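Below: the structure, in structure tokens.
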Amino acid sequence: MSYIVDRRLNSKNKSTVNRQRFLQRYRKHIKKAVSDAVDKRSITDIENGEKISIPSKDINEPVFSTGSGGVRSRVLPGNKEFVTGDQIKRPEGGGGGGAGSGASDQGEGMDEFVFQITQDEFLNFMFEDLALPNLVKRHLAGDEEFKYHRAGFSEEGNPAQVNIVRSLKAANARRIALTGKKRRQVKELKEEAAKLSGTEDPIEKQYLADLLEKIASLEGKIKRIPWIDDFDLKYNLHVKQPVPKSRAVMFCLMDVSGSMDQATKDIAKRFFLLLYLFLQRNYEHTEVVFIRHHTSAKEVNEEDFFYSRETGGTIVSSALKLMDEIIDERFPPSQWNIYSAQASDGDNWNDDSAVCYRLLVDNIMRKLQYFSYIEITPREHQALWHAYERVEAQFPQLFAMRQLISASDIYPVFRELFQKKATAAA
Amino acid sequence: MTNKPISTSSEWNFELVQEYDRVIAEIAKEYRLDTYRNQIEIISSEQMMDAYASIGMPIGYHHWSYGKQFLQIEQSYKRGQMGLAYEIVINSDPCIAYLMEENTMMMQVLVIAHACYGHNSFFKGNYLFRAWTDASSIIDYLVFARAYVTKCEEKYGVEAVEAILDSCHSIMNYGVDRYKRPYPLSVEEEQERQREREEYLQRQVNDLWRTIPTEDKQKKEDDGFRFPQEPQENLLYFIEKNAPLLEPWQRELVRIVRKIAQYFYPQKQTQVMNEGWATFWHYTIMNTLYDRGYITEGFMLEFLQSHSSVILQPPYDSQFFSGINPYTLGFAMMTDIRRICEKPTEEDKRWFPDIAGSDWITTLDFAMRNFKDESFILQYLSPKVIRDLKLFTIVDDDRKKNIEVTSIHDDSGYQKVREALSAQYNLGNREPNIQVYSVDIRGDRSLTLHHSQFNRQPLEPESSTEVLKHIHRLWGFDVHLHSLCDDEIKESFHCPPKEKPKAKK
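Protein chains in written order, with my numbering: chain G, 142 to 567; chain H, 982 to 1486.
The structure is reproduced here in structure tokens:
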């Protein structure tokens, strides 16, 4: 009789571990494919999975095999026209056995190994090795998150936390301590009894009986010592400790002035989208403040930041001022790690660049952990870039600026700006 | 038509599967099929992909190559380039067969007949399986292997374990002693032995390497001592026992790969027979079911359609041709043996005097038990099958200008075709013959391998160089590989690579 088993409800992801191993092993290839893909994608598409292809020669598992040459004989089916002794021309390019057959079984046709990774894996690879720099200010926000730590042992606790080894050790020690004297007496009495055993003398016989009685009574007493007692019980002690958490805020400043044409805005948005995704994914508790500006700056929500079409002239300092105000108001630098990313085409109102410089150097930079500026322009740099260069000279650790020309630069520049540093600049 | 059809709809359910299985078991008994107990497991298509990726082992250790396999299957399945097999069957006791839930009722019946009674009886009866595998202990062993690999990964890191496994996999085809009977073990024994082995083995290895040369050079050349004294074909075994630098746990990993290679060794050599046997029996059983009225005509038509696509053999010049279909060849030969027994012609009486007219069940059973592909073809490939499949042989000699047709399906050709086809299934001709020749145990500890060329066929240089790197990793010292033809070194590979050409001998 056969058993029939329904296994359909068993887990179907038996291969998950092996799949992960494979991805791990070929991460270099996958990363390259991911970074190529990021450039090619449109904004809305950035969160999907990706098709990865790896040259199959890189993932071959080699075995000994014969090369072409020598004598080979082969049996083939479906003879139509040949008779013994026929000569067939050797097919072009084919080395060995596949005489006359279109499909050679040598497997030379395979070129790329193609497979799909999920959205989650895609993003993992995309943001791998990236980090917010200088994330050092840790604030003890005591009421938010706790962690239990072991803290030795205690005399009291709940039954689930009984430490069995300790409890039994204590019980054992107590039993030894309480019975020591009696056990010694028993031992002595037994020795004496052993000497008297087999005696015929009635007095000694009586004495022996007394001895045995004493031994029995002592042994009874020893037996009555409880094997485990309430005060033997020891409990594992856990104490609650607040977890220090780093709080971070990212300011996204985007120029939406008239000089930014549609393509430039698109690039800026893609940059911020990447940044936003990165923060959402890797820094769960990070706040993001969106500021857009033309002649005046405005704090907006995510939706407006990415999709609103409002526009006007350009005064960059308005955004910096607003940011400074918001910092003072809501994000005291003593408690917050503050970051800022700014995107612009470099156009600014004539005298305003100097104002920006002063604002940054005198005010903002000492509150920040990191300020990154990207300028999206294929043209010559203008006053704003030069002003920022002076800022960079003064704060080389905290200030970074890059130029973007086309959409394909976004991801590399993004990686450069947020590359994990080997040693955190403390 | 003495029975009522068991079912008429294409939907299956557990009661019906059970009922069909019962009837098929009765029929199989009448045909004297001796099987292990059956365990039929119903799985989904995702689980089928998992089963595929682990090359049919129900429990495998973790390795990236299985992940690669899985991705490959998943990709081609999702794109519709490939259908999944209807069934996977495992040589174990009880014999586990996986049925996909997507199959129709007919398909489930076909699979039960094919796998649970066809393959199953082959696993139990064929001499190679009897000698090389132990169906009752394989699951235990796989459990042990998986646990051991995981333990090593925790202890020594995934990468270190992976490196050893990679290297072992590259010479997995060289993990069998063809002339020695191995003894299978169960899980407890294996664990026990493994602990003992670890200590003992290391001691032995150290002994071998302790030989400190004290004699003068002259003597050393003279005494002609060679290690190993005989060439060794089982590279994995040789490395497991003798590699100087492997840690005990690494040796155990080598052993695990070797044991699994051994388990699959019979399957490689009996593909035509195994599939032919199973196909023959599903065909015979289905027809019997139909004759007795258990299945309807529609059911039978559906069956014949999928049966004929299983045994389809595209001709050599078709774009779908990819070698000889083992199902076709095996089925044709098995069916022909029955024909020779039941209705022998004059030709059959000449070719097969001892089986013509005998009891077909006994004859087939004998053939199934005592042969492998190579010998089976040599013994039983009949002129009729050669004619039906229109087999012909070609010889491609690189010293001649053209490829020559050396025999076709005519009187003078039958014997030649038969021998050529048999040779084609000889494992020794299909895989390069590579053996351990010597180890310089008193010098630089280098390992020398010899490849004996078959029909002057050289080694494929690129992959051989890669494999040599793997052997080097296991051995720990220089590895040389000489490719020999008529005792003459034609080509040499070295790892680490050597600049100057080899001029020894």
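We put the beta carbon where it would ideally sit given N, CA and C, even for glycine.
Model, not experiment: these values are computed from the prediction.
Asked: So, under 8 Å CB-CB, residue 375 (chain G) and residue 423 (chain G) are touching, yes? Tell me the CB distance rounded to an integer number of Å.; Found: Rounded, the Cβ-Cβ distance is 43 Å, inconsistent with contact.
Asked: Ignore the nearest five residues each way along the sequence and tell me which others in residue 500 (chain G)'s own chain have a CB closer than 8 Å to its CB.; Found: 458, 461, 462, 465
Asked: Please report the distance separating the alpha-carbon of residue 341 (chain G) from that of residue 323 (chain G).; Found: 29 Å
Asked: In chain H, which residues lie with their C-beta within 8 Å of the C-beta of residue 202 (chain G)?; Found: 1046, 1147, 1150, 1151
Asked: Looking at chain G, is there any beta carbon in it that lies within less than 8 Å of the beta carbon of residue 1353 (chain H)?; Found: no
Asked: Measure the CB-CB distance between residue 390 (chain G) and residue 479 (chain G) and report whether it falls below 8 Å.; Found: yes
Asked: On the DSSP letters alone, give me the boundaries of the beta strand (DSSP E) that residue 1433 (chain H) sits inside.; Found: 1428-1433
Asked: With 8 Å as the threshold, decide whether the Cβ of residue 1433 (chain H) is near any Cβ in chain G.; Found: no
Asked: What residues from chain G crowd round residue 1401 (chain H), counting only those whose CB sits closer than 7 Å?; Found: 214, 216
Asked: Could you tell me which residues DSSP puts in a beta bridge with residue 214 (chain G)?; Found: H:1376
Asked: What beta strand (DSSP E) runs, 3 residues minimum, are completely inside the region 524-564 of chain G?; Found: 540-545
Asked: Nearest chain H C-beta to residue 175 (chain G) closer than 8 Å, yes or no?; Found: no
Asked: Starting from the beta carbon of residue 1394 (chain H), find every residue of chain G whose beta carbon is closer than 8 Å, and list them in chain order.; Found: 225
Asked: Note down, in chain order, every chain G residue with its Cβ under 9 Å from the Cβ of residue 1440 (chain H).; Found: 205, 206, 207, 208
Asked: Can you list, in chain order, the stretches of the beta strand (DSSP E) that have 3 or more residues and sit fully within the region 355-428 of chain G?; Found: 376-383, 389-396
Asked: Which first and last residues belong to the alpha helix (DSSP H) in which residue 1323 (chain H) is found?; Found: 1307-1323
Asked: Could you check if residue 534 (chain G) is buried or exposed, using at least 16 other CB atoms within 10 Å of its CB as the buried criterion?; Found: exposed
Asked: Would you call the region 1455-1464 of chain H and the region 213-229 of chain G touching, i.e. three or more CB-CB distances under 8 Å?; Found: no
Asked: Contact criterion: CB-CB distance below 8 Å. Does residue 999 (chain H) meet it with respect to chain G?; Found: yes
Asked: Quick one: does residue 1238 (chain H) have its CB under 8 Å from some CB of chain G?; Found: no
Asked: Quick one: is residue 1220 (chain H) buried, meaning 16 or more other Cβ sit within 10 Å of its Cβ, or exposed?; Found: buried
Asked: So with Cβ pairs under 8 Å, would you call residue 243 (chain G) a contact of chain H?; Found: Bear in mind that a pLDDT of 37 at residue 243 (chain G), under 50, signals an unreliable position, so the model cannot answer this.
Asked: Indicate whether residue 258 (chain G) and residue 200 (chain G) have their beta-carbon atoms separated by less than 8 Å.; Found: no
Asked: Taking C-beta to C-beta, are residue 1022 (chain H) and residue 1079 (chain H) nearer than 8 Å?; Found: yes
Asked: Note the first and the last residue of the continuous alpha helix (DSSP H) segment covering residue 287 (chain G).; Found: From DSSP, residue 287 (chain G) is part of no alpha helix (DSSP H) but of the beta strand (DSSP E) over 287-295.
Asked: Is the beta carbon of residue 551 (chain G) less than 8 Å from the beta carbon of residue 411 (chain G)?; Found: yes
Asked: Is there a C-beta anywhere in chain G that falls below 8 Å from the one on residue 1444 (chain H)?; Found: yes
Asked: Looking only at its own chain, which residues have a Cβ that is under 7 Å from the Cβ of residue 238 (chain G), when we skip the five neighbours before and after it?; Found: Its pLDDT being 40, under 50, residue 238 (chain G) is placed unreliably by the model, and nothing is read from it.
Asked: Cβ of residue 1023 (chain H) less than 8 Å from any chain G Cβ?; Found: yes
Asked: Identify every residue that forms a DSSP beta bridge with residue 995 (chain H).; Found: Looking at the DSSP assignment, residue 995 (chain H) forms no beta bridge with any residue, so it has no partner.
Asked: If you count every other CB in all the chains shown that lies within 10 Å of the CB of residue 527 (chain G), and 16 or more means buried, which is it?; Found: exposed
Asked: Do three or more CB pairs link the region 284-304 of chain G to the region 983-1001 of chain H at distances below 8 Å?; Found: no
Asked: For residue 1027 (chain H), return the contacting residues in chain G, with the cut-off set at a CB-CB distance below 7 Å.; Found: 153
Asked: Can the beta-carbon of residue 1029 (chain H) be found less than 8 Å from the beta-carbon of residue 1081 (chain H)?; Found: yes
Asked: Apply the 10 Å Cβ neighbour rule to residue 1256 (chain H) and answer buried if 16 or more other Cβ atoms are within range, or exposed otherwise.; Found: buried
Asked: Taking Cβ positions only, does residue 159 (chain G) come closer than 8 Å to chain H?; Found: yes
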